[in-house]
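**Q**
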Amino acid sequence: MASILTNLFDGVAYGMLLFVLACGLAVTLGLMNFVNLAHGAFAMAGGYICAVLVNNSGWPFFAALPLAFVGSALIGIALERTLYRHLYSRSHLDQVLFSIGLVFMSVAAVDYIMGSSRVFIKLPAALEGQIDLFGVGIGRYRLMIVVICGLLTLALQLILAKTRFGSRLRAAVDDPRAASGLGINVPQVFAFTFAFGCGLAGLGGALSAEILGLDPYFPLKFMIYFLIVVTVGGSSSITGPFLASLLLGIADVAGKYYVPKVGPFVIYTVMIVILLWRPNGLFGRTAAR
Amino acid sequence: MFNRRKMLLWGAASAVLPGLCASVPARAEDAVKIGLILPMTGGQASTGKQIDNAIKLYMQQKGDTVAGKKIEIILKDDAAVPDNTKRLAQELIVNDKVNFIAGFGVTPAALAAAPLATQAKIPEVVMAAGTSIITERSPYIVRTSFTLAQSSTIIGDWAVKNGIKKVATLTSDYAPGNDALTFFKQHFTAGGGEIVEEVKVPLANPDFAPFLQRMKDAKPDAMFVFVPAGQGGNFMKQYAERGLDKSGIKVIGPGDVMDDDLLNNMGDAALGAVTAHLYSAAHPSQMNKDFVAAYKKAFGNRPGFMAVSGYDGIHLIYEALKKTGGATDGDKLIEAMKGMKWESPRGPISIDPETRDIVQNIYIRKVEKVDGELYNVEFATFEAVKDSGKTKK
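Those protein sequences? They're chains A and Z, same order as listed.
One rule links them: number in the working numbering = place in the first sequence (from 1) + 363.
One rule links them: number in the working numbering = place in the second sequence (from 1) + 19.
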């Protein structure tokens with residue numbers, strides 16, 4: 364019984380992590396209709412920023428996390444202004460070629476600067492080990508992930524649904540022409556959203572170094588997972604990718620625990636079944652744009 | 020147009036002239052060329068860098084002339100992709116007319132070059148790849164690294180004799196992982212041990228959590244682990260996070276997981292892990308202390324077992340050339356290498372004259388803190404271990 368709950372908790376933590384990593388992609392792909400395969404590169408940037416600050420400059424881990432967010436967001440906005448915006452109106456194939464090229468460049472650049480071996484972030488002792496909660500082993504680090512990611516999800520949902528910026532963004536997505544006719548600065552809204560998505564990825568990258576491992580091949584290795592989250596969740600809202608991440612995280616952990624021989628396939632099987640049932644994802648719009 | 024043609028002419032002239040002017044005995048005959056094929060980029064890059072560094076260090080220390088010949092290294096990067104290895108080996112042999120091919124970060128790369136070594140009759144010195152079959156694929160292959168069977172069988176024997184009865188295994192699902200598992204199982208169960216749980220994790224595995232939970236619930240005395248070098252750190256951290264260290268489950272395995280290259284980054288989670296391997300940077304010989312000091316001084320970090328394999332590989336080439344008096348005939352060189360014995364930073368080693376594979380001591384080591392750094396401290400030695408993957412036949 365205890366191990367079922369531990370597994371469930373691990374699955375939730377893993378899912379939450381996937382969500383923070385991938386929700387930026389849901390925004391660019393779903394809301395801005397831009398295929399950005401280089402999303403993982405921003406996550407990697409965040410991870411390395413955090414690693415350098417903590418390991419080399421001696422920053423505390425919790426102070427470095429927001430900087431991972433800010434740093435990746437700044438890189439995101441710089442690239443959006445200089446490169447990405449020229450490709451918004453191009454075909455998806457162009458966007459794919461461009462962003463995959465960016466991935467390879469980021470891999471080579473990080474390999475050159477930081478070396479190819481894995482990087483670990485030194486954690487404060489408070490985050491190491493497990494807490495025993497009514498016989499259920501709860502990893503402290505994973506608990507922190509669940510808390511941070513849970514709060515972030517709530518905040519995102521509130522921003523999108525309740526704030527003026529959220530309604531502007533939704534308007535800009537639904538009909539960019541009408542929105543700009545109403546005086547909404549659409550490119551600015553998109554740029555800000557893009558940067559925010561990159562920042563989230565950076566935060567996710569910093570958080571995931573401990574669990575997924577951080578090396579220059581991060582953007583390539585986890586690209587598939589991000590895409591699965593977005594396709595399964597549907598890209599029209601935040602809730603879709605969130606539930607999809609949780610589902611995939613739990614299914615992955617449970618599959619590997621109970622049927623280790625076929626464990627690695629579970630996540631893909633779940634994806635195929637869901638897509639057969641709902642081709643636009645769990646919460647996708649029926650009319651594809 | 021005129022200008023360009025003139026420039027071309029000048030270019031051609033300047034390329035040819037020095038050749039004509041230089042003293043008549045062609046330089047090519049005084050040089051021995053070694054084609055070094057290593058993964059310098061990609062996931063295996065640390066292997067390539069270590070070997071390349073070690074060779075540079077060796078040539079700095081011993082000079083670049085042997086038996087009157089100048090040694091010339093031509094380094095090529097195959098990124099551990101066997102197709103590249105084959106193409107590069109071909110180019111090196113045909114265009115550059117190399118006298119040796121050497122390096123080879125992974126087994127498929129070493130195998131891809133094997134038929135070329137046979138055809139060209141030049142020695143292939145394997146400095147990294149660790150599957151047993153490699154030396155059987157060409158009579159021109161010599162190995163100075165190790166085989167997985169060497170360390171996996173020894174840790175199996177050691178575990179049974181030291182009160183470990185029940186073992187759960189966690190190995191990455193690829194050729195070396197399966198090799199390690201098979202050899203360990205053979206020796207461990209033959210000695211009366213029991214495997215209570217066997218898990219193969221996918222090679223590109225993002226999270227060990229579920230597998231580790233399974234290990235924990237199986238309650239073994241120890242878990243046998245083999246994961247690719249880079250994943251060892253993540254593995255050990257999650258092992259400690261889940262409290263497996265406190266529940267008394269020891270980590271044992273072949274020493275690849277505790278590579279000196281990565282050990283320090285793993286943190287205290289790695290303390291107490293017992294592994295069997297050919298080399299530790301903490302090996303207490305004077306020769307090793309000098310080697311580690313020189314390597315650290317030159318490259319800023321600690322040498323791992325790949326570095327020592329590269330160091331011994333180039334040493335073997337030097338010694339073989341000394342023995343043949345500088346002759347570069349492939350058959351003569353291989354004959355010279357067979358049975359050669361020497362003292363390496365890792366301890367005494369030799370080349371098995373029958374299999375051309377390495378015979379070396381395998382040490383049982385435990386991760387301990389020495390002067391604030393993590394080291395594999397050797398505490399038991401199995402002497403002159405041959406590759407049991409072949410002797411079985």
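We put the beta carbon where it would ideally sit given N, CA and C, even for glycine.
Here the structure is a predicted model, which means the values were calculated and not measured.
Per DSSP, what kind of secondary structure is E110(Z) in: helix, strand or coil?
**A** Helix, per DSSP.
**Q** Can you name the residues that DSSP bridges to V145(Z)?
**A** Answer is G122(Z), R162(Z), bridged to V145(Z).
**Q** If you compare alpha carbons, which of M359(Z), G124(Z), V117(Z), L76(Z) is closest to D96(Z)?
**A** Measuring from the Cα of D96(Z), the nearest candidate turns out to be G124(Z).
**Q** A401(A) and S462(A): beta carbons closer than 8 Å?
**A** Result yes, Cβ atoms of A401(A) and S462(A) sit closer than 8 Å.
**Q** In angstroms, rounded to a whole number, what distance separates the CA positions of N114(Z) and K75(Z)?
**A** About 24 Å.
**Q** So H296(Z) is in the beta strand (DSSP E); what residue range does that whole segment cover?
**A** Taken as a continuous stretch (DSSP letters only), the beta strand (DSSP E) holding H296(Z) covers 293-296.
**Q** Starting from the N-terminal side, write out each stretch of the alpha helix (DSSP H) that is 4 residues or longer and does not extend beyond the stretch 320-350 of chain Z.
**A** Counting only runs of 4 or more, we get 324-342.
**Q** Grab the span of the beta strand (DSSP E) containing R540(A) for me, first residue to last.
**A** Careful: R540(A) lies outside any beta strand (DSSP E), inside the alpha helix (DSSP H) at 539-544.
**Q** Kindly indicate which residue of I522(A), R448(A), L577(A) has the alpha-carbon position closest to the one of C413(A).
**A** Checked all of I522(A), R448(A), L577(A); the closest Cα to C413(A) is L577(A).
**Q** So, do the stretch 372-385 of chain Z and the stretch 289-303 of chain Z have three or more beta carbon pairs nearer to each other than 8 Å?
**A** Contact holds: three or more Cβ-Cβ distances are below 8 Å.
**Q** Measuring only the C-alpha atoms, how far is A375(A) from L570(A)?
**A** Checking the displayed sequence, the identity of residue 375(A) turns out to be Val instead of Ala. Each residue's Cα considered, the two are about 15 Å apart.
**Q** With P16(Z) and F310(Z) assumed to form a contact (beta carbons below 8 Å), what rounded beta-carbon distance in angstroms separates them?
**A** Chain Z is shown only over 20 to 412; residue 16(Z) falls outside these bounds and no answer can be derived.
**Q** Would you tell me roughly how many angstroms separate the C-alpha atoms of L39(Z) and N399(A), rounded to the nearest one?
**A** With a pLDDT of only 44 at L39(Z), under the threshold of 50, the placement of this residue in the model should not be trusted, and no figure is reported.
**Q** E402(Z): buried (16+ other C-beta within 10 angstroms of its C-beta) or exposed?
**A** With fewer than 16 Cβ atoms within 10 Å of its Cβ, E402(Z) is classed as exposed.
**Q** Give a yes or no on whether 8 Å exceeds the smallest Cβ distance from P487(A) to chain Z.
**A** Cβ-Cβ to chain Z under 8 Å: no for P487(A).
**Q** Is the CB-CB distance between F432(A) and G409(A) below 8 Å?
**A** In contact: F432(A) and G409(A) (Cβ atoms closer than 8 Å).
**Q** Examine chain A for any beta-carbon lying closer than 8 Å to the beta-carbon of S65(Z), and answer yes or no.
**A** With 8 Å as the cut-off, S65(Z) counts as an interface residue toward chain A.
**Q** Take the Cβ of W640(A) as the centre, count every other Cβ of all protein chains shown within 10 Å, and call the residue buried at 16 or more, exposed below.
**A** Result: exposed.
**Q** Who pairs with G274(Z) in a beta bridge, going by DSSP?
**A** G274(Z) pairs with nothing; no bridge assigned.
**Q** Note down, in chain order, all residues in the stretch 325-342 of chain Z with a beta-carbon under 9 Å from any beta-carbon belonging to chain A.
**A** Per Cβ criterion, the list is empty.
**Q** DSSP on P367(Z), reduced to helix/strand/coil?
**A** Of the three classes helix, strand and coil, the one that applies to P367(Z) here is strand, per DSSP.
**Q** Can you tell me whether T526(A) is buried or exposed? The criterion is at least 16 other CB atoms within 10 Å of its CB, across all chains shown.
**A** Burial call: exposed.
**Q** Taking the beta carbon of I367(A) as the centre, do at least 16 other beta carbons fall within 10 Å, making it buried, or is it exposed?
**A** With fewer than 16 Cβ atoms within 10 Å of its Cβ, I367(A) is classed as exposed.
**Q** Is there a Cβ from chain Z that is less than 8 Å from the Cβ of N370(A)?
**A** Taking Cβ atoms only, chain Z reaches closer than 8 Å to N370(A), which makes this a yes.
**Q** List, in chain order, every chain A residue whose beta-carbon is nearer than 8 Å to that of P239(Z).
**A** Result: empty, since nearest Cβ-Cβ is about 15 Å, beyond 8 Å.
**Q** Taking the CB atoms as reference points, tell me whether L345(Z) and G87(Z) lie closer together than 8 Å.
**A** Note on residue identity: the sequence assigns Gly, not Leu, to residue 345(Z). Yes; because the gap between Cβ atoms is below 8 Å, this pair is in contact.
**Q** Ignoring anything shorter than 3 residues, give me the beta strand (DSSP E) runs that lie fully in the stretch 367-448 of chain A, in order along the chain.
**A** With a minimum length of 3 residues, no continuous beta strand (DSSP E) run stays inside the stretch 367-448 of chain A.
**Q** Across the stretch 156-165 of chain Z and the stretch 191-205 of chain Z, are there enough close Cβ pairs to call them in contact, namely three or more that are closer than 8 Å?
**A** The stretch 156-165 of chain Z is not in contact with the stretch 191-205 of chain Z.
**Q** For G252(Z), decide whether its Cβ has a neighbour in chain A, counting only Cβ atoms nearer than 8 Å.
**A** Taking Cβ atoms only, chain A reaches closer than 8 Å to G252(Z), which makes this a yes.
**Q** Compute the beta-carbon to beta-carbon distance between A148(Z) and S164(Z), rounded to the nearest angstrom, for a pair I have assumed lies under 8 Å.
**A** With 8 Å as the limit, A148(Z) and S164(Z) qualify as a contact, their Cβ atoms being about 7 Å apart.
**Q** Please state whether the Cβ-Cβ distance between L263(Z) and K235(Z) is less than 8 Å.
**A** Going by C-beta atoms, L263(Z) is nearer than 8 Å to K235(Z).
**Q** Are the Cβ atoms of M359(Z) and I70(Z) separated by less than 8 Å?
**A** No, they are not a contact pair.
**Q** Does S366(A) come within less than 8 Å of chain Z when only Cβ atoms are used?
**A** Closer than 8 Å: yes.
**Q** Just reading off the alpha helix (DSSP H) that F414(Z) is part of, what are its end residues?
**A** With chain Z represented from 20 up to 412, any question about residue 414(Z) goes unanswered, as that position is not in the structure.
**Q** Taking 8 Å as the cut-off, does the stretch 432-448 of chain A touch the stretch 607-617 of chain A (at least 3 CB pairs, one atom from each stretch)?
**A** Touching, no.
**Q** Check distances from the C-beta atoms of the stretch 278-301 of chain Z to those of chain C and list, in chain order, the residues that come in under 8 Å.
**A** Protein chains A and Z are contained in the structure displayed, whereas chain C is not.
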